[in-house]
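Residue numbers (UniProt numbering): 1 to 266.
Structure representation (structure tokens):
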């Protein structure tokens with residue numbers, strides 16, 4: 001689309017010329033994942049950020065790299081961005097707090113317009129911290145701090161009551177009755193109560209569209225509207241509702257849809 005006019009003011013007599021923005025050449029390497037590779041190790045090897053590798057390869061979980069998987073590695077730091085309706089290069093640069101001139105140089109932009117759906121490389125930009133924690137599996141803490149075992153995982157299973165194949169929307173963490181339950185992420189309690197299926201339960205609302213549910217509790221130790229942290233005890237493990245033994249049923253919702261908790265906790 002042609003060069004970019006950075007709009008620098010004309011040099012005045014006796015005034016030093018202002019330096020022009022320079023951008024190292026942008027090109028891409030390929031890397032074949034080998035035994036023991038992790039995103040952080042690969043990033044260090046190529047001298048770029050984890051954000052760059054995660055973004056360019058659209059990684060949803062850095063723990064699931066496969067041996068033989070081919071990764072695209074940029075020669076400079078930055079992330080990919082898909083333009084939305086109403087976006088301009090200036091608006092995008094301001095949003096990520098990066099150089100507009102570098103954005104223009106990297107993407108051969110001649111003016112302050114960009115078509116919706118266009119994919120841009122944003123030099124020096126980083127992913128937001130929530131996204132990084134999600135992808136690295138570090139967003140939540142486990143709600144049980146003591147010993148437990150997984151008695152039922154997230155996904156399809158044979159229902160222990162009906163015998164039918166049903167979808168289990170959380171993880172069952174079996175341990176002794178009375179074991180403390182903690183909030184898995186800072187947030188606000190939005191609901192507590194009793195349900196025929198889930199027994200005594202608590203629902204906590206978090207940032208970025210997340211909610212967590214803690215079910216089959218023996219006792220509830222919090223109230224609606226209370227702010228909780230990962231150090232807050234919100235209840236104890238029990239066997240209430242439809243339950244075959246003492247355990248915590250833990251569900252994570254993202255924008256009202258359930259997701260596998262084990263992909264988000266450390």
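Think of the CB as a built atom: it goes at the ideal place given N, C-alpha and C, for glycine as much as any other residue. No experiment lies behind these values; they were computed from the predicted model shown.
Less than 7 Å separating the beta-carbons of residue 88 and residue 107?
For residue 88 and residue 107, no; Cβs fall outside 7 Å.
Using the Cα positions of residue 149 and residue 239, report the straight-line distance between them to the nearest angstrom.
Each residue's alpha carbon lies about 15 Å from the other.
Residue 191 to residue 114, Cα distance in whole Å?
Straight-line Cα distance between these residues: approximately 44 Å.
Starting from residue 93, trace the alpha helix (DSSP H) both ways and give me its first and last residue.
Segment 89 to 96, the alpha helix (DSSP H) holding residue 93.
For residue 161, collect the residues of the same chain with a Cβ closer than 7 Å to its Cβ; drop the 5 residues on either side in sequence, then sort them by chain order.
Cβ within range, chain order: 242.
Identify, in the order they occur along the chain, each residue of the same chain with its Cβ nearer than 6 Å to the Cβ of residue 10, setting aside the five sequence neighbours on each side.
Summary for residue 10: the model assigns pLDDT 46, below 50, so the residue's position carries little reliability; its value from the coordinates is reported in the next sentence. So no residue of the chain qualifies.
Given that a residue counts as buried once 16 or more other Cβ atoms are within 10 Å of its Cβ, and exposed if not, what is residue 126?
Residue 126 should be labelled buried.
What does DSSP give as the partner residues of residue 165 in its beta bridges?
BP columns for residue 165 point to 158.
Along the chain, where does the alpha helix (DSSP H) containing residue 140 start, and where does it finish?
Counting along the chain, residue 140 falls outside any alpha helix (DSSP H), and DSSP gives it neither H nor E.
Grouping DSSP H, G and I as helix and E and B as strand, with all else coil, what is residue 152?
Of the three classes helix, strand and coil, the one that applies to residue 152 here is strand, per DSSP.
Would the beta-carbon of residue 198 fall within 7 Å of that of residue 171?
Not in contact: residue 198 and residue 171 (Cβ atoms no closer than 7 Å).
Pick from 169, 207, 244 and 255: whose alpha carbon is nearest that of residue 214?
Nearest option by C-alpha distance: 169.
Can you give the Cα-Cα distance for residue 209 and residue 253, rounded to whole angstroms?
Using only the alpha carbons, I get a separation of about 8 Å.
Return helix, strand or coil for residue 130, following the three-state DSSP convention.
Three-state result, residue 130: helix.
Taking residue 81 as the reference, which of 211, 174 and 116 has the closest Cα?
When only C-alpha atoms are compared, the closest one is 116.
So the candidates are 135, 181 and 266; which of them puts its Cα closest to the Cα of residue 220?
Measuring from the Cα of residue 220, the nearest candidate turns out to be 181.
Which value, in whole angstroms, describes the spacing of the CA atoms of residue 120 and residue 24?
Going by the C-alpha atoms only, they are around 16 Å apart.
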